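Residue numbers (my numbering), protein chains in the order written: chain A, 106 to 249; chain B, 106 to 249; chain C, 106 to 249; chain D, 106 to 249. Heads up, the beta-carbon is just placed ideally off N, CA and C, and yes, glycines get one too. Nothing here was measured: the structure is a model prediction, and the numbers come from that model.
There are 4 protein chains.
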Amino acid sequence: MAIIHRYEYRVRYADTDAGGVVYNANHLRFYEIGRTEMMREHVCSYKDIEDLGILLPVTESYTRYKAPAFYDDLLIIETEVAELKRFSCKFNYRISRDDGEDKPRLLARGYTVHAAITREGKLIRIPENILNGVSKLIDKQQKR
Amino acid sequence: MAIIHRYEYRVRYADTDAGGVVYNANHLRFYEIGRTEMMREHVCSYKDIEDLGILLPVTESYTRYKAPAFYDDLLIIETEVAELKRFSCKFNYRISRDDGEDKPRLLARGYTVHAAITREGKLIRIPENILNGVSKLIDKQQKR
Amino acid sequence: MAIIHRYEYRVRYADTDAGGVVYNANHLRFYEIGRTEMMREHVCSYKDIEDLGILLPVTESYTRYKAPAFYDDLLIIETEVAELKRFSCKFNYRISRDDGEDKPRLLARGYTVHAAITREGKLIRIPENILNGVSKLIDKQQKR
Amino acid sequence: MAIIHRYEYRVRYADTDAGGVVYNANHLRFYEIGRTEMMREHVCSYKDIEDLGILLPVTESYTRYKAPAFYDDLLIIETEVAELKRFSCKFNYRISRDDGEDKPRLLARGYTVHAAITREGKLIRIPENILNGVSKLIDKQQKR
Numbered sequence: 106m107a108i109i110h111r112y113e114y115r116v117r118y119a120d121t122d123a124g125g126v127v128y129n130a131n132h133l134r135f136y137e138i139g140r141t142e143m144m145r146e147h148v149c150s151y152k153d154i155e156d157l158g159i160l161l162p163v164t165e166s167y168t169r170y171k172a173p174a175f176y177d178d179l180l181i182i183e184t185e186v187a188e189l190k191r192f193s194c195k196f197n198y199r200i201s202r203d204d205g206e207d208k209p210r211l212l213a214r215g216y217t218v219h220a221a222i223t224r225e226g227k228l229i230r231i232p233e234n235i236l237n238g239v240s241k242l243i244d245k246q247q248k249r
Numbered sequence: 106m107a108i109i110h111r112y113e114y115r116v117r118y119a120d121t122d123a124g125g126v127v128y129n130a131n132h133l134r135f136y137e138i139g140r141t142e143m144m145r146e147h148v149c150s151y152k153d154i155e156d157l158g159i160l161l162p163v164t165e166s167y168t169r170y171k172a173p174a175f176y177d178d179l180l181i182i183e184t185e186v187a188e189l190k191r192f193s194c195k196f197n198y199r200i201s202r203d204d205g206e207d208k209p210r211l212l213a214r215g216y217t218v219h220a221a222i223t224r225e226g227k228l229i230r231i232p233e234n235i236l237n238g239v240s241k242l243i244d245k246q247q248k249r
Numbered sequence: 106m107a108i109i110h111r112y113e114y115r116v117r118y119a120d121t122d123a124g125g126v127v128y129n130a131n132h133l134r135f136y137e138i139g140r141t142e143m144m145r146e147h148v149c150s151y152k153d154i155e156d157l158g159i160l161l162p163v164t165e166s167y168t169r170y171k172a173p174a175f176y177d178d179l180l181i182i183e184t185e186v187a188e189l190k191r192f193s194c195k196f197n198y199r200i201s202r203d204d205g206e207d208k209p210r211l212l213a214r215g216y217t218v219h220a221a222i223t224r225e226g227k228l229i230r231i232p233e234n235i236l237n238g239v240s241k242l243i244d245k246q247q248k249r
Numbered sequence: 106m107a108i109i110h111r112y113e114y115r116v117r118y119a120d121t122d123a124g125g126v127v128y129n130a131n132h133l134r135f136y137e138i139g140r141t142e143m144m145r146e147h148v149c150s151y152k153d154i155e156d157l158g159i160l161l162p163v164t165e166s167y168t169r170y171k172a173p174a175f176y177d178d179l180l181i182i183e184t185e186v187a188e189l190k191r192f193s194c195k196f197n198y199r200i201s202r203d204d205g206e207d208k209p210r211l212l213a214r215g216y217t218v219h220a221a222i223t224r225e226g227k228l229i230r231i232p233e234n235i236l237n238g239v240s241k242l243i244d245k246q247q248k249r
């Protein structure tokens, strides 16, 4: 599978900490940006899903931090669908930065797993049209 | 009037930025902590107010930053009611740090103004029992 | 004077709170984005200023919140230079959202004041070339 | 091994999102609070380590979210040392809430891995006295 969606994010003072680097929790915020914009471009907006009364909270998150990101860095957030099930899905992410080398330098990679639930917190099947949209996205990824 | 409520807050890496100091937006988070705990101790919890279907969003905020707060500082958040009206109230705050001098060093001071609204966003009178509770708190402040 | 710089910002879940709206402290983060991008476009990047050993911490911040911003809103952050002195400057901001009306709906407006200091915390004159750059920007604003 | 350190944290509006629950990235902030206070109580403060020119950035983080945390919840952050090596260490965390049942309800569990580095980013051995302090802490954990 190949990363299919790419989004640029500028690091702000607000994202950094006194160690001079991006604070570790903020990578999960970058993941939110990545999957939101990938879904918007290829399937539908999260707001559309929300309007169906469905939430997709994170049930698992993982990050491997390889190198620090700094203030004013223009980060590249890459996102792909890693797995799609009836009640859940998984996304992979890569955070990198173009340092002028052959290819961007990988700063961190990670994943999140999401469950589809109602506003009352009960598991619910991901609606057919969204399942289809995400399946097509997986097909596109595999062709790359 | 005299500041009546005092709450200690430990600065985390998460609160700081690459300038090595607490990021300016976080002072508004400290204000939330200050007024929430003052209300809980002297009147009622925000959750109780919420359960009445009333929200108290911030309509105005101001901060004068006088000196930086650093990682691991034990900040003192002082809060007082500055003004109480039918549909709104105002709180004053002081953020300081004990540097071992005669009195804590003032790092920042500010205020927030809040309006009482329903979940639908309509202005609503602050309920009588809360008004009374806050009035008594103002009395206590003036006696100090 | 007229607002000269405009920047779009997409609201994330990370920016909102359980009241269903953008949390009040995040407006100060939007201001950081606005002034940073205005400076980058018209004068120089903050990183360039930092490289001169000069920091521009916020010494005052004010916000008047007029209407809530919601999840996934595409906010418009408008920034202008309000005042320029030897050791300090002031920026004005407007946060609005295009609701399909004649003009965007104003959600909040505010300002920040900044002092120029060294890494050791001493006041320092804003360097001549930056003063000039910002002065030209003020000229451009006044001609609009 | 048994969790040895317990710290209470009150959920603020600032921690929640429009889904009405604590935003997923904030669990990593809770982990920072947990390990910082455990280290302060049993070994030394992070600030002491920093003063030796040593940083302990997160190189890996994982969270399994089992149930949502809500506004004003009084969370219990439990922390233990999971592994200690020459250049790195690992902490386990449990976030739970007392719902009045026999034992607190587990809301999330996770871990972080940290590497010891210099300010220049080079790997460095964890100093002997800190290694000893953490080893003793592991002994205490095993005796519980």
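Three CB pairs or more closer than 8 Å across the region 166-176 of chain B and the region 161-174 of chain C: The region 166-176 of chain B vs the region 161-174 of chain C: in contact.
Taking the straight line between their C-alpha atoms, what separation do you get for A:TYR112 and A:GLU142? Residue mapping note: residue 112 of chain A aligns to position 7 of the first sequence, counting from 1. Residue mapping note: residue 142 of chain A aligns to position 37 of the first sequence, counting from 1. Each residue's Cα considered, the two are about 8 Å apart.
Between the region 170-184 of chain A and chain C, which residues of the former have CB atoms less than 8 Å from a CB of the latter, in chain order? Within the region 170-184 of chain A, TYR176 and ASP177 place their CB atoms closer than 8 Å to a CB of chain C, listed in sequence order.
Let me know if B:PHE135 comes out buried or exposed under the rule of 16 or more other beta-carbons within 10 Å of its beta-carbon. Here residue 135 of chain B refers to the residue found at position 30 when the second sequence is read from its first residue. Around the beta-carbon of B:PHE135, 16 or more other beta-carbon atoms lie within 10 Å, marking it buried.
How about C:ASP122: is its C-beta nearer than 8 Å to some C-beta of chain D? Here residue 122 of chain C corresponds to residue number 17 of the third sequence, with the count starting at 1. Yes, its Cβ sits closer than 8 Å to a Cβ of chain D.
Where D:ALA172 sits in the DSSP three-state scheme: Here residue 172 of chain D refers to the residue found at position 67 when the fourth sequence is read from its first residue. When secondary structure is reduced to three states using DSSP, D:ALA172 falls in the coil class, being assigned neither helix nor strand.
By a C-beta neighbour count over all protein chains shown, 10 Å radius and 16 as the cutoff for buried, is A:GLY205 buried or exposed? Translated into positions along the first sequence, residue 205 of chain A becomes position 100. When all chains shown are included, A:GLY205 counts as exposed.
Is B:PHE192 helix, strand or coil when you go by DSSP? Numbered from its first residue, the second sequence carries residue 192 of chain B at position 87. Here B:PHE192 sits in coil by DSSP.
Delimiting residues of the alpha helix (DSSP H) encompassing A:THR141: For the purposes of this step, residue 141 of chain A is taken as the residue at position 36 of the first sequence. Going by DSSP, A:THR141 is part of the alpha helix (DSSP H) stretching over 131-147.
Among all the DSSP beta bridges, which residues are the ones paired with A:TYR114? Taking the first residue of the first sequence as 1, we reach residue 114 of chain A at position 9. Under DSSP, the beta-bridge partners assigned to A:TYR114 are A:LEU180.
A:TYR136 CB to nearest chain B CB: under 8 Å? To locate residue 136 of chain A, count along the first sequence from 1; it is residue 31. Not one chain B Cβ lies under 8 Å of A:TYR136.
Check whether the Cβ atoms of B:TYR198 and B:GLY139 sit closer than 8 Å, and answer yes or no. Reading the second sequence from its first residue, position 93 is the one you call residue 198 of chain B. Reading the second sequence from its first residue, position 34 is the one you call residue 139 of chain B. Against a cut-off of 8 Å, the Cβ pair of B:GLY139 and B:TYR198 comes out as a contact.
Beta-carbon of B:VAL116 versus every beta-carbon of chain C: anything under 8 Å? Taking the first residue of the second sequence as position 1, residue 116 of chain B is located at position 11. No, because no Cβ of chain C sits closer than 8 Å to the Cβ of B:VAL116.
Helix, strand or coil for C:VAL239, going by three-state DSSP, please let me know. The residue given as residue 239 of chain C occupies position 134 in the third sequence. If DSSP states are grouped into helix, strand and coil, C:VAL239 belongs with the helices.
Can you check which of these residues, C:CYS194, C:ALA213, C:GLU225 and C:ASP207, is closest to C:ASN237 by C-alpha distance? As a first step, residue 237 of chain C must be located in the third sequence, where it is residue number 132. When only C-alpha atoms are compared, the closest one is C:CYS194.
How is the beta strand (DSSP E) around A:TYR151 delimited, first residue to last? Taking the first sequence and counting its residues from 1, one reaches residue 151 of chain A at position 46. A:TYR151 -> not in any beta strand (DSSP E); alpha helix (DSSP H) instead, spanning 151-156.
Does DSSP put A:GLU206 in a helix, in a strand, or in coil? Walking along the first sequence from the start, residue 206 of chain A turns up at place 101. Coil, per DSSP.
For D:GLU188, which option in D:ASP122, D:ARG249, D:SER240 and D:VAL126 has the closest C-alpha, if you only look at C-alpha atoms? Counting from one through the fourth sequence, the residue named residue 188 of chain D turns up at place 83. Nearest of D:ASP122, D:ARG249, D:SER240 and D:VAL126 to D:GLU188, Cα basis: D:SER240.
To the nearest angstrom, how far is the alpha carbon of C:TYR176 from that of B:GLY158? Within the third sequence, residue 176 of chain C is the residue found at index 71, counting from 1. Within the second sequence, residue 158 of chain B is the residue found at index 53, counting from 1. The straight-line gap separating the alpha-carbon atoms of C:TYR176 and B:GLY158 is approximately 21 Å.
Looking at the C-beta of B:ALA130, does it have a partner C-beta in chain A at a distance below 8 Å? Within the second sequence, numbered from 1, the residue matching residue 130 of chain B stands at position 25. Output row for B:ALA130: interface = yes.
Is the shortest distance between the beta-carbon of D:GLU165 and the beta-carbons of chain A less than 8 Å? In the fourth sequence, the residue the question calls residue 165 of chain D occupies position 60. Chain A, which has a Cβ nearer than 8 Å to the Cβ of D:GLU165, makes this yes.
Count the other CB atoms within 10 Å of the CB of C:THR121; is the residue buried (16 or more) or exposed (fewer)? Taking the first residue of the third sequence as 1, we reach residue 121 of chain C at position 16. Buried, by the Cβ-count rule.
What does the alpha-carbon distance come out to for the pair C:MET144 and B:ASP203? Within the third sequence, residue 144 of chain C is the residue found at index 39, counting from 1. Within the second sequence, residue 203 of chain B is the residue found at index 98, counting from 1. Straight-line Cα distance between these residues: approximately 37 Å.
Taking 8 Å as the cut-off, decide whether the C-beta atoms of C:ALA221 and C:ARG230 are in contact. For the purposes of this step, residue 221 of chain C is identified with residue 116 of the third sequence, where counting begins at 1. For the purposes of this step, residue 230 of chain C is identified with residue 125 of the third sequence, where counting begins at 1. Closer than 8 Å, so yes.
DSSP on C:ALA119, reduced to helix/strand/coil? Along the third sequence, read from residue 1 onward, the residue named residue 119 of chain C stands at position 14. If DSSP states are grouped into helix, strand and coil, C:ALA119 belongs with the helices.
Close beta carbons around D:ILE182, own chain, < 7 Å, minus the five adjacent residues each side: Counting from 1 along the fourth sequence, the entry for residue 182 of chain D is found at position 77. Excluding residues within five positions, the ones whose Cβ falls inside 7 Å are TYR112, TYR114, PHE135, ILE138, GLY139, TYR198 and ILE200.
Note down, in chain order, all residues in the region 147-163 of chain B with a beta-carbon under 9 Å from any beta-carbon belonging to chain D. Of all residues in the region 147-163 of chain B, the ones placed with a Cβ closer than 9 Å to any Cβ belonging to chain D are SER150, TYR151, LYS152 and GLU155, in chain order.
Relative to the alpha-carbon of B:ARG191, which residue among B:GLY226, B:ARG117, B:ASN234 and B:VAL127 has its alpha-carbon at the smallest distance? Stepping through the second sequence from its first residue, residue 191 of chain B is reached at position 86. Taking B:ARG191 as reference, the option from B:GLY226, B:ARG117, B:ASN234 and B:VAL127 with the minimal CA-CA separation is B:ASN234.
Since B:TYR128 and A:TYR118 should fall inside the 8 Å C-beta cutoff, what is the C-beta to C-beta distance between them, to a whole number of angstroms? Translated into positions along the second sequence, residue 128 of chain B becomes position 23. Translated into positions along the first sequence, residue 118 of chain A becomes position 13. At roughly 6 Å, the Cβ-Cβ gap stays under 8 Å, so B:TYR128 and A:TYR118 are in contact.
So B:LYS245 packs on B:ILE109, CB below 8 Å; how close in whole Å? To locate residue 245 of chain B, count along the second sequence from 1; it is residue 140. To locate residue 109 of chain B, count along the second sequence from 1; it is residue 4. So it is a contact: roughly 6 Å between Cβ atoms.
Quick one, are the C-beta atoms of C:VAL218 and C:ALA174 less than 8 Å apart? Within the third sequence, numbered from 1, the residue matching residue 218 of chain C stands at position 113. Within the third sequence, numbered from 1, the residue matching residue 174 of chain C stands at position 69. No.
Measure the CB-CB distance between B:GLY124 and C:LEU228 and report whether it falls below 8 Å. The residue given as residue 124 of chain B occupies position 19 in the second sequence. The residue given as residue 228 of chain C occupies position 123 in the third sequence. Remark: C-beta atoms of B:GLY124 and C:LEU228 do not approach each other more closely than 8 Å.
What residue from D:ILE243, D:ASP156 and D:ARG210 has the CA that sits closest to D:LEU179's CA? By one-based count along the fourth sequence, residue 179 of chain D stands at place 74. Taking each of D:ILE243, D:ASP156 and D:ARG210 in turn and checking the Cα distance to D:LEU179, the smallest one comes out for D:ARG210.
Measuring straight from C-alpha to C-alpha, what distance separates D:ILE154 and C:ASP153? What you label residue 154 of chain D is simply residue 49 of the fourth sequence in a count that begins at 1. What you label residue 153 of chain C is simply residue 48 of the third sequence in a count that begins at 1. Taking the straight line joining both Cα atoms gives about 31 Å.
Closer than 7 Å at the beta carbon, the chain B residues around D:ALA119: Taking the first residue of the fourth sequence as position 1, residue 119 of chain D is located at position 14. Below the 7 Å Cβ cutoff, chain B contributes ARG134 and GLU137 as neighbours of D:ALA119, in chain order.
Could you give the DSSP three-state label for D:GLU233: helix, strand or coil? Looking up residue 233 of chain D in the fourth sequence gives position 128. Assignment of D:GLU233 by DSSP, reduced to helix, strand and coil, places it in the helix class.
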